[in-house]
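Read through the structure below, which is laid out as structure tokens, and then see the notes.
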Amino acid sequence: MHELRDEVPVAPPAATKRGRAIVVTSGKGGVGKTTTTANVGAALGATGASVVLVDADVGLRNLDIVLGLESRVRFHVLDVLEGKAELDDALVSDKRVPTMKLLAASQTREKDDVDTQAFRALIERLRERFDYVLIDCPAGIETGFQNAIVAADEAIVVCTPEVSAVRDADRVVGLLGERLSIRLIVNRLRPALVRRGKMLSVDDVNAILRLPLLGVIADEPGVIVSTNKGEPLALDETSTTGSAYRKIAARIIGTDTSAPEIPREATFMEKLFGGRR
Amino acid sequence: MLDFFKRIFNPEPSSATARERLRLVLLSDHLALAPDVVESLKLDLIAVISKYVDVDAANCDVTFEQQDRAVAMLANIPILGMKPAERKPPAGPAAPVAPAAAPPSEPSSFTDSAPAPAAVIHAPVLEPTIVEAVTGDAEAVLSLPVVVAAPAAPKPRRRRRRRASVNPAPAVG
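One line per chain: the protein sequences are Z and F, in this order.
Just add 12 to the spot in the first sequence (first one is 1) and you have this note's numbering.
Just add 65 to the spot in the second sequence (first one is 1) and you have this note's numbering.
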């Protein structure tokens with residue numbers, strides 16, 4: 013067995029609200045950071061906790077469309093940072109999850125336009141109002157990444173079982189350093205391929221990254237379908253993957269201390285009757 | 066033909082290839098990110114070699130490069146001349162780098178009169194141990210079983226187990 017890093021602190025402070033700021037990052041692009049942020053955020057919100065999802069991917073805004081809230085964004089994070097809009101006007105509500113808000117990124121600006129200290133102050137403000145501040149980090153390790161991590165004290169590293177993603181995740185873990193407590197979500201696992209030795213397993217990935225495992229998400233059509241519709245899978249009570257996201261949320265909150273399940277292959281009957289949408 | 070049957074009956078799963086490639090590339094990455102480790106390795110190498118020959122310490126160079134199945138350490142240490150006093154290496158535990166390996170032919174063939182050659186130590190790093198390699202840029206603590214001028218050891222054909230988190234150094238070197 014490999015040693016794991018220190019466990020993250022669980023209990024939120026009671027007196028003045030100081031929510032937990034968690035950055036979702038990966039280094040490599042396209043591994044599912046935004047989908048993960050949307051689903052984990054929705055799952056956290058569904059428990060009744062107050063959550064704000066902050067899209068830090070300025071210039072390539074996507075969290076709003078994955079959540080299905082793209083038509084409701086009126087102001088974005090830079091409007092708030094530059095005083096062009098009030099924070100409350102920029103927070104987008106979600107009818108499905110009343111306790112969840114979205115602060116969208118700007119599509120027409122660049123990452124260098126974000127003032128690091130102002131961004132940090134904004135996250136601090138949000139922490140006073142929300143139990144969880146989830147920051148969707150842009151890909152790469154440049155300015156956008158630095159801005160996104162500076163205000164967080166926890167990180168979720170999303171990694172797919174591919175050599176490129178693992179290498180980049182390893183680099184990101186090094187850059188995150190000791191200050192942040194880091195946990196891992198292995199995304200897009202295909203159990204059948206793992207069984208046939210055609211894909212790295214969760215253990216293979218974590219033998220390199222050596223992080224506490226927060227959850228494992230299967231590569232399944234439901235994730236794509238839910239993104240198409242803008243309906244987070246985490247809110248679908250019938251979905252196995254949705255349940256995996258809800259368990260991730262429970263582990264973040266601290267109500268679930270069980271070890272994450274590794275997705276299994278669909279049985280013959282499940283394949284025959286479709287089972288999943 | 067043999068290859069064909071090998072492939073049919075004993076295919077190496079591509080995930081094993083992925084594991085091996087990742088292991089090597091991350092070793093290179095961590096070495097590149099730990100310049101202070103490489104620097105002190107270089108200084109130690111120079112110190113050891115200086116016991117026997119005068120070296121041009123200012124122009125020493127230690128690099129790592131990824132080769133087919135190993136990460137190789139390349140130490141380029143220009144030699145200025147023999148040390149006049151200590152012709153005979155001291156016996157006993159002072160053997161410098163590779164106790165098990167055959168004496169390197171290239172560095173030992175020069176004489177005093179020859180123009181200063183460079184001792185090129187070409188050392189395949191076999192099973193490096195990285196302790197806490199993921200915790201920070203400068204924390205890759207390396208134990209390098211170095212074999213001087215020996216060919217790279219053949220890779221084990223099938224690796225069923227992942228390397229443990231803290232590897233015991235292998236028997237070689």
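C-beta atoms are modelled at their ideal positions from N, C-alpha and C, and glycine is treated no differently.
Any idea if residue i is buried or exposed, counting beta-carbon neighbours within 10 angstroms, 16 or more meaning buried?
i               : result
E166 of chain Z : buried
I144 of chain F : buried
K107 of chain Z : exposed
A123 of chain F : exposed
L139 of chain F : exposed
F280 of chain Z : exposed
L87 of chain F  : buried
E232 of chain Z : buried
G44 of chain Z  : buried
A135 of chain F : buried
F142 of chain Z : buried
K283 of chain Z : exposed
P203 of chain Z : buried
R263 of chain Z : buried
N51 of chain Z  : buried
A133 of chain Z : exposed
T82 of chain F  : exposed
P272 of chain Z : buried
Could you have a look at residue i and say whether DSSP puts it in helix, strand or coil?
i               : result
L167 of chain Z : A small correction: the amino acid at residue 167 of chain Z is Ala; Leu does not occupy that position in the sequence shown. In the structure shown, A167 of chain Z sits in a strand (DSSP, three-state: E or B).
Q129 of chain Z : helix
S38 of chain Z  : coil
D101 of chain Z : helix
K29 of chain Z  : coil
T128 of chain F : strand
P193 of chain F : Interpretation of P193 of chain F is limited by its pLDDT of 42, a score under 50 that renders its predicted location unreliable; the figure taken from the coordinates is listed afterwards. Here P193 of chain F sits in coil by DSSP.
S62 of chain Z  : coil
G156 of chain Z : helix
I274 of chain Z : coil
K116 of chain F : coil
E82 of chain Z  : helix
N141 of chain F : strand
K210 of chain Z : coil
C149 of chain Z : coil
K123 of chain Z : helix
D101 of chain F : helix
D69 of chain Z  : coil
K113 of chain Z : strand
S193 of chain Z : strand
G234 of chain Z : helix
L223 of chain Z : coil
R202 of chain Z : coil
V228 of chain Z : strand
Step through the CB atoms of chain Z and report whether any lies within less than 8 angstroms of the CB of residue i.
i               : result
P100 of chain F : no
L87 of chain F  : yes
S80 of chain F  : yes
R84 of chain F  : yes
L139 of chain F : no
With a threshold of 8 angstroms between beta carbons, is residue i in contact with chain F?
i               : result
G152 of chain Z : no
R202 of chain Z : no
S64 of chain Z  : Going by the sequence as given, residue 64 of chain Z is Val instead of Ser. Cβ-Cβ to chain F under 8 angstroms: no for V64 of chain Z.
V43 of chain Z  : no
M281 of chain Z : no
R276 of chain Z : no
I220 of chain Z : yes
V175 of chain Z : yes
Under the assumption that residue i contacts residue j (Cβ atoms under 8 angstroms), give the Cβ distance between them as a whole number of angstroms.
i               : j               : result
A164 of chain Z : L192 of chain Z : 6 angstroms
I135 of chain Z : A33 of chain Z  : 5 angstroms
L245 of chain Z : V235 of chain Z : 6 angstroms
G156 of chain Z : K123 of chain Z : 4 angstroms
A177 of chain Z : K40 of chain Z  : 5 angstroms
V145 of chain Z : V36 of chain Z  : 11 angstroms between Cβ atoms; not a contact.
T49 of chain Z  : L75 of chain Z  : 6 angstroms
A230 of chain Z : T253 of chain Z : 6 angstroms
Can you pull the chain F neighbours of residue i, defined as C-beta to C-beta under 9 angstroms?
i               : result
G209 of chain Z : P76, E77, P78, S79, S80 and A81
G39 of chain Z  : Neighbours of G39 of chain Z on chain F: none; closest Cβ ~12 angstroms, over 9 angstroms.
R179 of chain Z : L87, V90, L91 and D94
D216 of chain Z : S80, A83, R84, L87 and R227
L212 of chain Z : S80, A83, R84 and L87
Taking Cβ-Cβ distances shorter than 8 angstroms, what residues in chain F pair up with residue i?
i               : result
R183 of chain Z : D94
Name, please, each residue of chain F whose Cβ falls closer than 7 angstroms to the Cβ of residue i.
i               : result
L192 of chain Z : By Cβ distance, chain F contributes nothing, its closest Cβ being about 12 angstroms from L192 of chain Z, past 7 angstroms.
Compare the C-beta of residue i with all C-beta atoms of chain B and state if any pair is closer than 8 angstroms.
i               : result
A246 of chain Z : Absent here is chain B; the protein component of the structure consists of chains Z and F.
Can we count residue i as close to the ligand HEM, meaning its CB is less than 7 angstroms from some heavy atom?
i              : result
T82 of chain F : As for the ligand HEM, it is missing from this structure, which has no ligand bound.
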